[in-house]
Structure formats: C-alpha cells, structure tokens
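Counted the way mature numbering (1 follows the signal peptide of the UniProt record, and there is no 0) counts, the sequence shown spans residues -25 to -1, 1 to 462.
Note that the Cβ used here is the ideal one computed from N, Cα and C, for glycine as well.
These figures come from a predicted structure and were not determined experimentally.
The structure appears below as structure tokens.
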Amino acid sequence: MSRSAQILRSASITTLVAALLSGCAAVPQVQPRVTPLSAASAGLGGATALPAAGAWWKGFGDPQLDRIMADALAGNPSLDAATARLARAQAGIAANKAGLLPQIDGSADATRQRLSDQYIIPPPYGGSTRWIGNAQANLGWSLDLAGRQKALVAQAAASADAAGLDLAAARVTLSGAVAQAYVDLARATEQARIADRFVASREQQFRLAQVRQRTDLSSDFDLRAAETLLAEARQAKIRADGARQLMIHALAALAGRGADYHATITDPVLTLDRALPVPAALPADLLGRRPDILAARARIEAAEAGRRVAKADFYPDVDLKGLVGLQAIGLGSLFTGGAATYGAGAALHLPIFEGGRLKANYKGAVAGIDEAIASYNGTVVGAVRESADALSAIATNAADAAEQRRVSAGLAETMRLDQVRLRTGLGVQLDVLGAGDRLLAANQREIDLAAEGAAARIRLLVALGGSFDPINQQTASATPAATPAGR
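What follows is the structure in structure tokens.
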C-alpha cells in the first residue's frame, strides 16, 4: 500500500471514530441540588470528646446484664437478618468484580437433522439425514473503556459498607434496648420490694383500725377506709410483680431465647443511679461515631457510583470475542483434525439514539444522589436531636432527683419525730404509720427518678454510637463469619 493510501486510510478511520463519538447522546448537565450537613452546620463545633468505644453497659457492674447482653448480641434474630444482608451485599461485590475479567464458557450439542439439498451443503450430504455435532469454547472480555464496570464495583462496595454499618447500628440499638429493659426490670424489682413494705404497713393499720373499732375509738367508716388502703397496696404489689415478669419476658425475647430462659433471670444487682461515662455537651466527632450516619454517608457514595454507571452508558464500549471448537456433519467426524473451528473479533457498542432512555437514567441517578444526601441530613438532624434530648433529660433528672432526696429526707425526719412523740405518749401509732407510708411513696419516686436517669444515660450513650468503634469496624472487607450471628 502506498504512503498516500495509508494516510488516506488513517484519516478515514479517524473521521469515522470522530463521527461515531459525535453521534453519541450528550450527557445532561444535571448536578445534585442537596448539600450534606457538616458538623459545624449541625451545631457540633465543640471540642467535647466522646467516651471511648466499648462495652459501656459494664459500667452498671451487673454480671447478669453482661450475660444477657452477650446472648442478645449473639442470638437476636434482627442481627441475623442484618448479617444476611451484609453477606448478600458482599456477594454483589464479587459478582461485579467478575465483570472486569475475561469470561469463558463452553457448549456442546448434537442434532439429528435432514439437510436441505437446495441450500449451501451439496450432495451427498445435502438431501440426507445426519447427525450434526458442535462443541466449542467461547471467550468474551469487555474492555470497560468508559469505566462502567468499575463504577458498578464501587457501587457494590459502598452498598456493602452501608450494610456492614447497618449491622453495627442494629447492634448499638439492640444493646440500648437490652440495657433499658434491664433497668426496667431493676425498677420493677425495687418497686415490688417497696410494695411489700406498703402491704405490711397497711396490714398493720388495718389491724389497728379493727382494734379501735371494737373499742369504739373509731367508726366503721375508718375501718372500711383502712381496708380499702390495704386492698390498694396489695393491688400495687400485684402490678409490680406483673411488670417484673413482663421485663423478664422482654429480655428473653431480646436475647433470642424462649420461655426456658426466663428462669435464668434473677433480681438485678445493679445500682440504678450508678454513673456512666457520658459527655456534658454534644461532641464534635458525633458524625464519625454513629454507624447509622456512616451508613447514610456510604449510601451517598453508592449513589455517586450509580451516576458514574449512568454516565458511562453514554460512551462507546468494546467487547473482545473469540471461539475455538469442533464442528462436523456426522458424530464420527467430530474429533478429526478437519473439524476444528476458531475465530476472533471485536464488537463495538455505540449509543446513538435511545429515545431519551439514557438521559432519563442519568437524571434518575442524580436524583438518587439528592435522595441519599437528604436521607443523610435527616439522619444527622435526628442524631443531634436524640443526643440533645438525652443531655437535657439527664440534667432535668439530676435536678429533680436532688429535690426528691430532700423531700425524702424531710419525710424521714417527720417520721422520726412521730416515733419520738409516740414513745413519749404525745402521739399515736396511726401518725407513725401514716408518716411511714408517705416516706415509702417518696422512696418509690426516688426509684422512678433513678431509673429515668439511667434510661437517659443509656439513650445518650446509644445516641453517641454506643460500643461502635469506627476504627476497627469491618464492613465490606469482612467476611460474614466475622459478624456475631452464631448462637
């Protein structure tokens, strides 16, 4: 070929490629409209540090709580479901990575067929009925020139990250639910003990009323009133015992266990007002410690990868193809040297007119980014509110509990003075018993406030990410076996 002909051929090819590329549909100039919230815009600019990640519930110092928590984190069905979703997402990474590699498949068939004598095969085969055999291996490899498959891998990896973080968030939520149920069990247990003391006091008052009624020191009305108070005390005891049983059932369900687990749960030994390590203000690194926020961020990355997938569809792609095999008329000839067949080539996919499908897909992908960012922002706002609410509840509870302790102290002093008056003959037994009832009611309120304070501290620790450690978090790179799904 002459040099002028080569130049002409090269120019023709260049012109053809340019024409093909110019014929591709144009990518819409559409950008996401929503902006992710920053720590500063969420009001998290302070320097307060978060508590160290870890088993925060151990701060209660109750071995039974530690055991139930371990059982729940190993056997709760919701964690099994989250673990399965993570495994499915990780499988998606492997499936999409396979698209970057050459694909080889094989096929073989044998067909009994009458061959036309009016077609391309002449007699003696044409016009006869014979076996036709075919066996071949096919090779295909997409060059991924536009990076579509790489974007699919990135999208799958980000989705797997989100699934792993969803599992971590489920563990944090579960640990909070177990701790809350255990605090409720401790409250019900303490309330049942006070209810026993109430019943004993009301029984004593009723016996005293009977004596006074028989000696005409009081009326039938006073006796009936004492009897009613005794019935109310016994009713409160029944309710407290029932609440205790319900909390035992709740803990067994959270642990993923059946009715046989109930007998293993005894009275808690934790102290409800025991201090837990909580910050005094919203920490600046909240956004990096909550797994649900990190999961929402990973979904933004997945949506961004989805946009790259949609953008790659606008550009040409080339697939390399090849085959090698055997073809023969007559199975006896299939494995002879002349039956060999092979070939190679390339296929060009060039989007020119898609009826607006590609543009619609791209706009949908951009809208998906906006949706993911909006979801992220909503998660951030919710996290800030949960943390702020818990901090406010802790402060309010502390002030309320301090006043209640003063109330209890005053009632205890009143009861002591009534006892002194009784011993000196200036008072009566009913005054002492009445003061004791008022003190027991104050003690009940103290227990309620202590339980509410413990619940507020639990909510704050959960709102701050609980035991989640972002440094050691294993998401897409972890294997499903590394997550606690066993029993």
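{"Check": "Contact check, LEU251 vs ALA358, beta carbons under 8 Å", "Outcome": "no"}
{"Check": "Reduced DSSP secondary structure (H/G/I, E/B, other) of ILE213", "Outcome": "helix"}
{"Check": "Beta-carbon proximity check, LEU198 vs GLN210, cutoff 8 Å", "Outcome": "no"}
{"Check": "Boundaries (first-last residue) of the beta strand (DSSP E) holding ILE79", "Outcome": "78 to 89"}
{"Check": "Limits of the unbroken alpha helix (DSSP H) element including ASP141", "Outcome": "123 to 189"}
{"Check": "Under 8 Å between C-beta atoms of ILE433 and GLY151", "Outcome": "yes"}
{"Check": "N- and C-terminal bounds of the beta strand (DSSP E) containing ASP292", "Outcome": "292 to 304"}
{"Check": "The region 208 to 227 / the region 154 to 170 touching (three or more Cβ pairs under 8 Å)", "Outcome": "yes"}
{"Check": "Range of the contiguous alpha helix (DSSP H) that encloses ARG105", "Outcome": "Per DSSP, ARG105 belongs to no alpha helix (DSSP H); it is in the beta strand (DSSP E), 104 to 117."}
{"Check": "Run of the beta strand (DSSP E) containing GLY441, from where it starts to where it stops", "Outcome": "Where GLY441 is concerned, there is no enclosing beta strand (DSSP E), given that its DSSP letter is neither H nor E."}
{"Check": "Cross-strand partners of LEU323 (DSSP beta bridge)", "Outcome": "VAL293"}
{"Check": "Segment limits, alpha helix (DSSP H) that includes ALA45", "Outcome": "38 to 50"}
{"Check": "Which of helix, strand or coil DSSP assigns to ALA335", "Outcome": "helix"}
{"Check": "Beta-carbon gap between ALA57 and ASP141 smaller than 8 Å", "Outcome": "yes"}
{"Check": "GLY74 to LYS125 span [Cα, whole Å]", "Outcome": "9 Å"}
{"Check": "Alpha carbon of SER117 to alpha carbon of LEU298, nearest angstrom", "Outcome": "15 Å"}
{"Check": "Backbone secondary structure at GLY318 - three-state DSSP", "Outcome": "strand"}
{"Check": "Buried or exposed by the 16-neighbour rule on C-beta atoms within 10 Å, applied to PRO77", "Outcome": "exposed"}
{"Check": "Closest Cα partner of GLY115 within the set ALA322, LEU204, ALA374", "Outcome": "ALA322"}
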